[in-house]
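Visitor: Have a look at this one before I ask anything.
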Amino acid sequence: MKTSKVMLVVLLFVTATLVATGVASAQVIYGDTVLTDIPEQQREEFINSIKRKVESLQVYITKISSKATDPKYKQELAESAVKLFESANNIVQISNARTGTVAQLPVRLYFLKLAGIKAEKVEITFYKGVRFETIRKGTDGYFYGTALMFQETAISKGDNLVSYKDRTVKRVNFKSKLELMREGDEVVQIIETFLQDINVKETI
């Protein structure tokens, strides 16, 4: 019961954050992809649903990494974040602007590492909004694509002096499926989206 209450709090927090930041209603920006396989009246909501999934990921990253978040809730937040992905075996690449290196971790370990960063202050924020790079339809009926997220990291070790800072563009791979079901005179959309591997595009 206690775990269920915590998970409900986590869900309410993410939902409230998305609404407060305008994520739920923000304009979608994507490339020249034409989703001709999706009826025009359902197309915008389909794209928006994928965008909201990526924005939910961003909220989790910010909250899990923050030193302002109570450590006893970070495990539950990490587990909720893992559920955004197709598999716990999906990987997240992390980069270092100083060394120019890129490493990768399974998603659960990535979030646990975020939670345990040794620093007095950690701020991970996102700018520019989500941009879509590619979307294509697979033979299995799913749409596969890549969304770009723009991440800024600032870490302070002491006296609130920033000891590390970078900006990283990451490619978030995803798979999504839209099914239309008729209920009486209405057509209901069922959208299923899973995040996949996250790769570093560039770090400055």
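Each residue of the sequence shown is one higher than the one before, starting from 60 at the first, in the numbering used here. For glycine and all other residues, C-beta sits at the position ideal for the given N, C-alpha and C.
How far does the beta strand (DSSP E) with P130 in it reach, from first residue to last?
Guide: Reading the sequence shown from its first residue, position 71 is the one you call residue 130. Segment P130 to V141 is the alpha helix (DSSP H) holding P130; no beta strand (DSSP E) there.
Visitor: Mind checking which residues open and close the alpha helix (DSSP H) that includes T262?
Guide: Along the sequence shown, one-based indexing puts residue 262 at 203. Taken as a continuous stretch (DSSP letters only), T262 belongs to no alpha helix (DSSP H), being part of the beta strand (DSSP E) at E245 to T262.
Visitor: Buried or exposed for E99, please, with buried defined as at least 16 other CB atoms from any protein chain shown within 10 angstroms of its CB.
Guide: By 1-based counting over the sequence shown, the position of residue 99 is 40. By the neighbour-count rule (16 or more Cβ atoms within 10 Å), E99 is not buried but exposed.
Visitor: Could you tell me which whole beta strand (DSSP E) segments of length 3 or greater appear in the stretch 167-228?
Guide: Counting whole runs of 3 or more residues, the stretch 167-228 contains the beta strand (DSSP E) stretches 180-196 and 202-217.
Visitor: Ends of the alpha helix (DSSP H) at I106?
Guide: Along the sequence shown, read from residue 1 onward, the residue named residue 106 stands at position 47. Unbroken alpha helix (DSSP H) run through I106: E99 to S124.
Visitor: What does N232 pair with, by DSSP beta-bridge criteria?
Guide: Numbered from 1 along the sequence shown, position 173 holds the residue referred to as residue 232. Paired residue(s): T205.
Visitor: According to DSSP, is S154 helix, strand or coil?
Guide: As a first step, residue 154 is located in the sequence shown; it is residue number 95 there, counting from the start. Reduced to three states, the DSSP call for S154 is strand.
Visitor: Taking just the CA atoms, how far does L207 sit from Y223?
Guide: Your numbering for residue 223 matches position 164 in the sequence shown. Your numbering for residue 207 matches position 148 in the sequence shown. C-alpha separation (whole angstroms): 23 Å.
Visitor: Kindly indicate which three-state DSSP category E145 falls into: helix, strand or coil?
Guide: The sequence position of residue 145 within the sequence shown is 86, counting from 1. It is coil, neither helix nor strand.
Visitor: Would you kindly work out how many angstroms separate the C-alpha atoms of D330 and G243, rounded to a whole number?
Guide: Lying before the first or after the last residue shown, residue 330 is absent from the chain, which here runs from 60 to 263.
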